[in-house]
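Chains as they are written, first to last, in this note's numbering: chain H, 1 to 241; chain W, 1 to 250.
Just so it is clear, CB atoms sit at the ideal spot from N, CA and C, and this is done for glycine as well.
Predicted model, so just to flag it, every value in this text is computed and none were measured.
The block underneath contains the structure these notes are about, expressed in structure tokens.
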Amino acid sequence: MEKVIEIKNLSKVYKNGRGITDINLDIHRGDIFGFLGPNGAGKTTAMKIMTGLIKPDSGDVKILGHSILEEYQEAMGKVGCIIETAECYQYLTAYENLRQVSRYYKDVDDKRIDEVLELTGLLKYKNEKPRKFSLGMKQRLGIAAAILSRPEVIILDEPLNGLDVEGMIAMRNIIKNLVEKENTTFFISSHLIHDVELTCTHIGVLYDGKMLNVDTMENILKNYATLENYFVSEVERNGRI
Amino acid sequence: MVEFKAALINEVEKLYKRKKVLVALIISLIFIILGQLSMVVLRTGLGLRGVSSMEFPLLVLSVVVNTILPLFTALVTIESFSGEFSQNTMKIALTRPISRLKFFTAKLTAIMLFILANLLFVMIFSLLAGCLFNSNSFTLKSVIKVLISYLVTLMPMVSLSIIIVFFTNIVRSGIGVFFLSIFAFVTFKGLGIVFYRYSGMFLTSMMNWYTLFNMETVPAFKIFLQFMMMLSYVIIFFTVGYHLFDKKEF
Numbered sequence: 001m002e003k004v005i006e007i008k009n010l011s012k013v014y015k016n017g018r019g020i021t022d023i024n025l026d027i028h029r030g031d032i033f034g035f036l037g038p039n040g041a042g043k044t045t046a047m048k049i050m051t052g053l054i055k056p057d058s059g060d061v062k063i064l065g066h067s068i069l070e071e072y073q074e075a076m077g078k079v080g081c082i083i084e085t086a087e088c089y090q091y092l093t094a095y096e097n098l099r100q101v102s103r104y105y106k107d108v109d110d111k112r113i114d115e116v117l118e119l120t121g122l123l124k125y126k127n128e129k130p131r132k133f134s135l136g137m138k139q140r141l142g143i144a145a146a147i148l149s150r151p152e153v154i155i156l157d158e159p160l161n162g163l164d165v166e167g168m169i170a171m172r173n174i175i176k177n178l179v180e181k182e183n184t185t186f187f188i189s190s191h192l193i194h195d196v197e198l199t200c201t202h203i204g205v206l207y208d209g210k211m212l213n214v215d216t217m218e219n220i221l222k223n224y225a226t227l228e229n230y231f232v233s234e235v236e237r238n239g240r241i
Numbered sequence: 001m002v003e004f005k006a007a008l009i010n011e012v013e014k015l016y017k018r019k020k021v022l023v024a025l026i027i028s029l030i031f032i033i034l035g036q037l038s039m040v041v042l043r044t045g046l047g048l049r050g051v052s053s054m055e056f057p058l059l060v061l062s063v064v065v066n067t068i069l070p071l072f073t074a075l076v077t078i079e080s081f082s083g084e085f086s087q088n089t090m091k092i093a094l095t096r097p098i099s100r101l102k103f104f105t106a107k108l109t110a111i112m113l114f115i116l117a118n119l120l121f122v123m124i125f126s127l128l129a130g131c132l133f134n135s136n137s138f139t140l141k142s143v144i145k146v147l148i149s150y151l152v153t154l155m156p157m158v159s160l161s162i163i164i165v166f167f168t169n170i171v172r173s174g175i176g177v178f179f180l181s182i183f184a185f186v187t188f189k190g191l192g193i194v195f196y197r198y199s200g201m202f203l204t205s206m207m208n209w210y211t212l213f214n215m216e217t218v219p220a221f222k223i224f225l226q227f228m229m230m231l232s233y234v235i236i237f238f239t240v241g242y243h244l245f246d247k248k249e250f
């Protein structure tokens with residue numbers, strides 16, 4: 001299977017001593033990779049490095065064969081992402097926000113913008129400014145921006161933040177549909193372990209800046225009743241709970 | 001180039017939608033109206049000649065170049081950088097397929113276009129006001145003189161905005177950058193007066209460099225020296241500013 005994301009010896013340690021150390025990871029095309037770990041484990045740091053928002057102390061990330069450090073533009077060409085929080089320009093309407101994003105890609109027209117707004121349930125708020133949006137609606141707009149360019153790789157940091165049940169189900173369906181129809185690869189971090197269990201095909205556990213284990217969901221559920229049990233056992237095994 | 005163009009259009013759209021441009025243009029217009037009113041008062045009340053139609057735009061320029069123009073340049077630059085740093089919206093564009101250099105340059109180009117638009121706006125309206133309310137001295141030569149004066153003022157303003165961009169990358173808060181910019185502007189203005197022999201080195205003394213183009217005998221060498229000095233400011237502060245921006249973590 002084709003490697004879509006390759007993370008090699010990735011390290012980034014902040015002045016306070018937190019960060020990530022020597023992370024190695026391969027994600028293949030069509031995988032829905034769940035990136036689990038408690039607060040402060042280094043998930044966002046890893047994802048920020050993957051999207052070029054911060055530079056690592058050492059190591060590299062390759063997306064679709066392009067190094068994020070040396071060929072940033074090529075590496076990000078087919079990537080959509082939400083990192084930390086779904087940000088948007090408050091003084092632009094939902095449509096204008098997506099129009100801003102669309103200008104960086106070739107085949108994204110107004111029809112596609114309407115399509116993703118419909119998909120995320122925001123079509124009726126198309127001409128409203130996000131200033132008055134709830135957290136969940138802003139998150140939906142962030143998701144719309146992430147999938148707008150029909151990316152081959154989607155990196156989502158806590159994509160379900162602020163979403164209601166309906167939104168979570170819709171999000172899960174969007175992910176599964178994209179994997180099924182377009183063989184999109186997902187890299188998702190989430191604290192909502194039940195949702196990760198329902199969505200992801202592969203799981204990696206990060207603790208204290210180190211990768212504890214990577215396994216398929218199928219294997220995990222063969223040996224454990226739930227993903228939560230696996231997560232607790234993995235962290236316990238490392239003597240940290 | 002496609003990415004640069006996309007980023008530039010986005011930046012221009014953001015500037016326009018934030019309404020700061022509109023405010024800047026309205027205040028510029030108020031300045032022109034006040035200037036013209038004071039000319040009318042001088043003429044009718046005190047019997048002074050005031051200015052002719054082609055002198056009025058240059059009179060307006062001499063005032064705005066040391067007041068509202070640097071102020072708006074600073075505000076728009078701070079909004080474009082510090083504003084986006086604090087609102088965390090910089091990452092919207094930075095996670096797109098565009099290098100930081102192209103994005104940084106697109107932002108600066110948008111600011112440059114804003115300054116140019118502001119200058120042209122003031123020029124057109126002061127020309128109109130000048131022609132409507134003052135004694136007519138309209139000649140093609142004088143219009144070209146006005147046009148050149150306004151266009152060359154772009155250079156010191158762009159240099160100023162690049163220095164402010166450097167400030168936005170070293171000082172976290174937008175208000176901090178604003179006060180630092182004012183402090184630096186006033187300090188260098190003062191230094192230019194105290195150490196007048198060295199004032200040619202300070203950017204603040206180059207705001208009026210358009211006057212060199214209006215002399216009977218154009219001092220080409222002096223213009224060249226001032227141009228090179230401003231170019232040096234641009235190169236140094238662009239390089240350092242970009243270096244800091246490139247290293248910045250979001």
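Continuous alpha helix (DSSP H) stretch holding residue i: start and end
{"i": "Gly-209/H", "result": "Per DSSP, Gly-209/H belongs to no alpha helix (DSSP H) and is neither H nor E."}
{"i": "Asp-246/W", "result": "220 to 247"}
{"i": "Asn-136/W", "result": "Here Asn-136/W belongs to no alpha helix (DSSP H), and DSSP marks it neither H nor E."}
{"i": "Asp-109/H", "result": "Run containing Asp-109/H: none; DSSP gives neither H nor E here."}
{"i": "Leu-98/H", "result": "94 to 102"}
{"i": "Ile-147/H", "result": "135 to 147"}
{"i": "Asn-219/H", "result": "217 to 223"}
{"i": "Ile-68/H", "result": "Here Ile-68/H belongs to no alpha helix (DSSP H), and DSSP marks it neither H nor E."}
{"i": "Thr-45/H", "result": "43 to 50"}
{"i": "Asn-229/H", "result": "227 to 237"}
N-terminal and C-terminal residue of the beta strand (DSSP E) that residue i is part of
{"i": "Phe-104/W", "result": "Unbroken run through Phe-104/W is the alpha helix (DSSP H), 100 to 133; no beta strand (DSSP E)."}
{"i": "Val-171/W", "result": "Where Val-171/W is concerned, there is no enclosing beta strand (DSSP E), given that its DSSP letter is neither H nor E."}
{"i": "Leu-25/H", "result": "19 to 28"}
{"i": "Asp-60/H", "result": "58 to 63"}
{"i": "Phe-213/W", "result": "Premise fails: Phe-213/W lies in the alpha helix (DSSP H), 210 to 213, not in any beta strand (DSSP E)."}
{"i": "Phe-202/W", "result": "First-last for Phe-202/W: undefined, no H or E at that position."}
Anticipated Cβ contact below 8 Å, residue i with residue j, distance rounded
{"i": "Phe-188/W", "j": "Ala-106/W", "result": "The Cβ separation is near 29 Å, so there is no contact."}
{"i": "Asp-26/H", "j": "Asn-9/H", "result": "Going by Cβ atoms, the distance from Asp-26/H to Asn-9/H rounds to 13 Å, so no, they are not a contact pair."}
{"i": "Thr-51/H", "j": "Cys-81/H", "result": "5 Å"}
{"i": "Ser-205/W", "j": "Gly-190/W", "result": "No, Ser-205/W and Gly-190/W are not in contact; Cβ-Cβ is about 11 Å, not under 8 Å."}
{"i": "Ile-113/H", "j": "Tyr-95/H", "result": "6 Å"}
{"i": "Tyr-233/W", "j": "Ile-164/W", "result": "Actually they do not touch by this definition, with Cβ atoms about 12 Å apart."}
{"i": "Leu-141/H", "j": "Asn-97/H", "result": "6 Å"}
{"i": "Lys-91/W", "j": "Leu-53/H", "result": "6 Å"}
{"i": "Phe-138/W", "j": "Met-54/W", "result": "6 Å"}
{"i": "Gly-174/W", "j": "Ile-78/W", "result": "5 Å"}
{"i": "Tyr-104/H", "j": "Arg-96/W", "result": "4 Å"}
Return the chain-ordered ranges of every alpha helix (DSSP H) run that is complete within the stretch 2 to 75 of chain W and spans a minimum of 4 residues.
2 to 17, 20 to 45 and 56 to 64
What are the residues in the stretch 9 to 36 of chain H lying within 8 Å of chain W by C-beta distance?
none
Got a sec: which bits of the stretch 1 to 19 of chain W sit with their beta carbon under 9 Å from any beta carbon on chain H, in order along the chain?
Val-2, Glu-3, Lys-5, Ala-6, Ala-7, Ile-9, Asn-10, Glu-13, Lys-14, Lys-17, Arg-18 and Lys-19
Below 8 Å, how does it come out for the stretch 185 to 194 of chain H and the stretch 18 to 32 of chain H: are there three or more Cβ pairs, yes or no?
yes
The stretch 87 to 111 of chain W: positions lying closer than 7 Å to chain H by Cβ
Asn-88, Thr-89, Lys-91, Ile-92, Leu-94, Thr-95, Arg-96, Pro-97, Ile-98 and Ser-99
Under 8 Å (Cβ pairs) to chain W, residues found in the stretch 58 to 74 of chain H:
Tyr-72, Gln-73 and Glu-74
Can at least three beta-carbon pairs, one atom from the stretch 193 to 201 of chain H and one from the stretch 224 to 233 of chain H, be found at a separation below 8 Å?
yes
Is it a yes or a no for the stretch 93 to 112 of chain W touching the stretch 241 to 249 of chain W, going by three-plus beta-carbon pairs under 8 Å?
yes
Touching by the beta-carbon criterion (3+ pairs, under 8 Å), the stretch 162 to 175 of chain H and the stretch 123 to 137 of chain H:
yes
What are the residues in the stretch 40 to 59 of chain H lying within 8 Å of chain W by C-beta distance?
Lys-48, Thr-51, Gly-52, Leu-53, Ile-54 and Lys-55
Take every Cβ of the stretch 174 to 183 of chain W, pair it with every Cβ of the stretch 71 to 81 of chain W, and state whether three or more of those distances are shorter than 8 Å.
yes
Chain W contacts from the stretch 152 to 169 of chain H (Cβ-Cβ distance under 7 Å)
none
For the stretch 123 to 147 of chain H, list every residue whose C-beta sits within 7 Å of some C-beta in chain W, in sequence order.
none
Compile a chain-ordered list of the residues in the stretch 106 to 124 of chain H whose CB is closer than 7 Å to at least one CB of chain W.
none
Closer than 9 Å, Cβ to any Cβ of chain H: which residues of the stretch 50 to 83 of chain W, in chain order?
none
Taking contact to mean at least 3 C-beta pairs separated by less than 8 Å, is the stretch 115 to 123 of chain H in contact with the stretch 67 to 79 of chain H?
no
Which runs of the alpha helix (DSSP H) fall wholly inside the stretch 160 to 186 of chain H and span at least 4 residues, in chain order?
165 to 182
Check distances from the C-beta atoms of the stretch 185 to 213 of chain H to those of chain W and list, in chain order, the residues that come in under 9 Å.
none
Report the residues of the stretch 195 to 222 of chain W with a CB closer than 9 Å to any CB of chain H, ordered along the chain.
none
Three or more beta-carbon pairs under 8 Å between the stretch 202 to 219 of chain W and the stretch 143 to 160 of chain W, yes or no?
yes
Would the stretch 111 to 127 of chain W count as touching the stretch 15 to 31 of chain W if we require 3 or more Cβ pairs under 8 Å?
yes
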